[in-house]
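Asker: Okay, here's the structure, questions in a sec.
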Amino acid sequence: MALTAGTRAPLRMAVLISGRGSNMASLVRAAQAGRIRAEPRVVISSREGAAGLAAARRLGVATEVVRSAGFGGSRLEYDRLLASALRRHGVTPRAGLVCLAGFMRIVGPELVSAYRGRLLNVHPALLPSFPGLGAQRQALDAGVRVTGCTVHFVDAGVDTGPIVAQRAVRVLDGDTEESLSARILAQEHRAYVEAAAMVADGRVRLRRARAARA
Ligand code: GAR
Numbered sequence: 000m001a002l003t004a005g006t007r008a009p010l011r012m013a014v015l016i017s018g019r020g021s022n023m024a025s026l027v028r029a030a031q032a033g034r035i036r037a038e039p040r041v042v043i044s045s046r047e048g049a050a051g052l053a054a055a056r057r058l059g060v061a062t063e064v065v066r067s068a069g070f071g072g073s074r075l076e077y078d079r080l081l082a083s084a085l086r087r088h089g090v091t092p093r094a095g096l097v098c099l100a101g102f103m104r105i106v107g108p109e110l111v112s113a114y115r116g117r118l119l120n121v122h123p124a125l126l127p128s129f130p131g132l133g134a135q136r137q138a139l140d141a142g143v144r145v146t147g148c149t150v151h152f153v154d155a156g157v158d159t160g161p162i163v164a165q166r167a168v169r170v171l172d173g174d175t176e177e178s179l180s181a182r183i184l185a186q187e188h189r190a191y192v193e194a195a196a197m198v199a200d201g202r203v204r205l206r207r208a209r210a211a212r213a
């Protein structure tokens with residue numbers, strides 16, 4: 000009998016962070032509350048002192064650090080360390096869901112292809128507008144009246160993968176980077192939980208480089 004979303008075991012979730020970890024905390028809480036059909040297994044940080052590590056421990060989730068600063072090896076070598084940290088916690092390509100949440104490193108093609116369809120990222124703009132760093136600043140500088148956030152499958156490009164969910168945020172007169180970022184962040188938390196929930200229970204999957212509803 001084929002396993003369906005209803006009968007298959009919940010996916011094992013890893014969240015990769017580099018800093019504050021507010022998206023991480025929102026994903027972990029949603030999974031712990033049963034709003035994402037996934038079991039939070041590990042939070043991995045590229046920075047030792049990331050505030051999100053303490054937040055993860057408070058939430059009862061295992062943590063790992065795979066230090067990025069001063070790492071002397073290649074991207075492939077770094078990604079292999081990440082992959083072995085994921086595997087140590089059972090977050091394999093078959094059983095896992097990996098959520099990048101403010102993870103300030105580009106994931107290389109080997110890891111991207113191993114976790115194809117199981118690797119998500121959140122970005123603080125309505126992609127394909129304003130990819131890369133400083134998306135909120137880019138939106139202010141461009142004078143757009145609406146921006147937002149995007150959750151997408153990760154592909155080999157930077158902020159280019161198939162889009163799973165987006166939420167719009169109005170740019171207000173007098174907005175600063177801080178005020179706009181705060182309103183976008185609140186929507187990121189909602190969009191990421193929605194997107195992860197859809198992927199975790201098989202309602203959305205990656206099909207021919209598009210996010211398709213099942
Ligand atoms: C979030 O705004 C996320 O969209 C952004 O970093 C912040 C992390 O916040 N990511 C990027 O800009 C990646 N291109 P958090 O640590 O509180 O979740």
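For the sequence shown, numbering that gives the first Met the number 0 assigns the number 0 to the initial residue and increments by one for each residue that follows.
Virtual Cβ for every residue (Gly too), placed ideally from N, Cα, C.
(1) Can you look up A1 in the DSSP assignment and give me helix, strand or coil?
(2) How big is the Cα-Cα spacing for R104 and R182?
(3) Return the bridge partner residues of F152 from the DSSP annotation.
(4) What does the alpha-carbon distance come out to for the pair S246 and L118?
(5) To the nearest angstrom, how far is it from the Cα of R215 to the Cα of G201?
(6) If I follow the unbroken beta strand (DSSP E) through E38, where does it start and stop?
(7) Please return the same chain residues whose Cβ sits closer than 7 Å to the Cβ of E109, not counting the five positions on each side in sequence.
(8) For A100, does the three-state DSSP call read helix, strand or coil?
(9) Let me confirm a value: G101 is counted as buried when at least 16 other C-beta atoms fall within 10 Å, else exposed. Which label applies?
(10) Would you mind sorting T146 into buried or exposed? The rule is 16 or more other CB atoms within 10 Å of its CB.
(11) Does the beta-carbon of V198 have 16 or more other beta-carbons within 10 angstroms, so that it is buried, or is it exposed?
(12) Going by C-alpha distance, which of F129, T62 and V203 is nearest V157?
(13) Taking 8 Å as the limit between beta carbons, can you name the residues of its chain near A211, skipping five residues before and five after?
(14) Is E177 buried or exposed, if buried means 16 or more other CB atoms sit within 10 Å of its CB?
(15) One question on the structure: do R189 and R209 come within less than 8 Å of each other, judged by their Cβ atoms?
(16) Checking 8 Å against the spacing of the C-beta atoms, do G95 and Y114 come in under that value?
(17) Quick check: the Cα distance between T91 and R136, rounded to an integer number of angstroms?
(18) L80 to V65, Cα distance in whole Å?
(19) Buried or exposed: which applies to D140, given that a residue is buried once 16 or more other Cβ atoms fall within 10 Å of its Cβ?
(20) Taking the alpha-carbon positions, what's the R36 to A30 distance?
Answerer: Judging by the given coordinates:
(1) Interpretation of A1 is limited by its pLDDT of 46, a score under 50 that renders its predicted location unreliable; the figure taken from the coordinates is listed afterwards. In the structure shown, A1 sits in coil (DSSP, three-state: anything other than H, G, I, E or B).
(2) 24 Å
(3) L119
(4) Residue 246 is absent from the structure shown; the chain starts at 0 and stops at 213.
(5) As displayed, the chain neither begins before 0 nor continues past 213, which places residue 215 out of reach and without an answer.
(6) A37 to S44
(7) L75 and D78
(8) coil
(9) With 16 or more other Cβ atoms within 10 Å, it is buried.
(10) buried
(11) buried
(12) F129
(13) V203, R204 and L205
(14) exposed
(15) Cβ atoms of R189 and R209: not closer than 8 Å.
(16) yes
(17) 36 Å
(18) 7 Å
(19) Exposed.
(20) 6 Å
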